[in-house]
Amino acid sequence: MNGKAVGLILVFSALMTGAAVWYLQVYGYYDPIPASAPGAEVRLTSLVTGQPEKILAAGFQGIDADSSPLRFRACFTTPLGLAVATESFKVYDAATPLNAPGWFDCFNAARIGGDLEAGTAVAFLSVADITPGIDRVVAIYPDGRAYAWHQLNETAEK
């Protein structure tokens with residue numbers, strides 16, 4: 007074989023590997039979560055009992071992946087008002103939404119994070135340590151839009 011053929015094989019192999027890695031990171035590991043799935047149940051941690059309690063949710067769209075517990079994202083609406091929610095459920099002060107794949111367009115981490123900082127949305131603890139070191143967080147807007155994600159908690163850094 008001459009050098010050009012070897013070079014073409016190497017370049018082609020590198021391009022195919024890059025394409026495969028990109029596809030797997032953006033699409034391959036994610037699975038949609040049906041609204042009837044056990045993981046699709048939306049819960050918030052009660053101030054009274056300290057236990058997660060199911061809340062009403064409609065229009066649930068969710069994704070998750072077995073490759074990482076941080077890949078969970080969900081979008082839905084809830085009739086639960088912010089006044090009732092803040093009086094009944096635990097507010098999550100350190101909420102930082104993580105980016106979702108571009109094709110999951112109902113979830114915009116930058117917008118949600120900005121709205122949390124501006125106070126136009128409030129984050130609540132859904133389930134503490136849903137996986138060791140990882141909390142499920144739900145952000146709720148005054149109009150009923152809501153978003154959920156997993157994020158590292160303080161025990162994950164230890």
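Residues 7 to 164 (the numbering used here) are what the sequence shown spells out, left to right. Each residue gets a CB set at the ideal place from its N, CA and C atoms; glycine is no exception. Fair warning: this is a prediction, and the values are worked out from it, not measured in the lab.
query	result
Minimum C-alpha distance to ARG142 - residue among VAL133, ASP99, TYR35 and ASP70	VAL133
Beta-carbon contacts of VAL97 that lie in its chain and below 8 Å, excluding the five residues immediately before and after	VAL128, ALA129, PHE130 and LEU131
Proximity below 8 Å, CB of PHE82 to CB of GLY108	no
Residue from VAL48, ASP37 and ALA116 whose Cα sits closest to the Cα of ARG77	ASP37
Beta-carbon contacts of ILE140 that lie in its chain and below 8 Å, excluding the five residues immediately before and after	PRO75, LEU76, HIS156, GLN157, LEU158, ASN159 and ALA162
Identity of the residues DSSP links to ILE118 by a beta bridge	Partner(s): none; ILE118 has no beta bridge.
Minimum C-alpha distance to ALA43 - residue among GLN67, ALA116 and ALA20	GLN67
Beta-carbon separation (whole angstroms), ILE61 vs THR84, contact threshold 8 Å	6 Å
6 Å Cβ shell around ALA101 - same chain, five flanking residues per side excluded	LEU122, ALA129 and VAL143
Residues bridged to VAL97 [DSSP beta-bridge criterion]	PHE130
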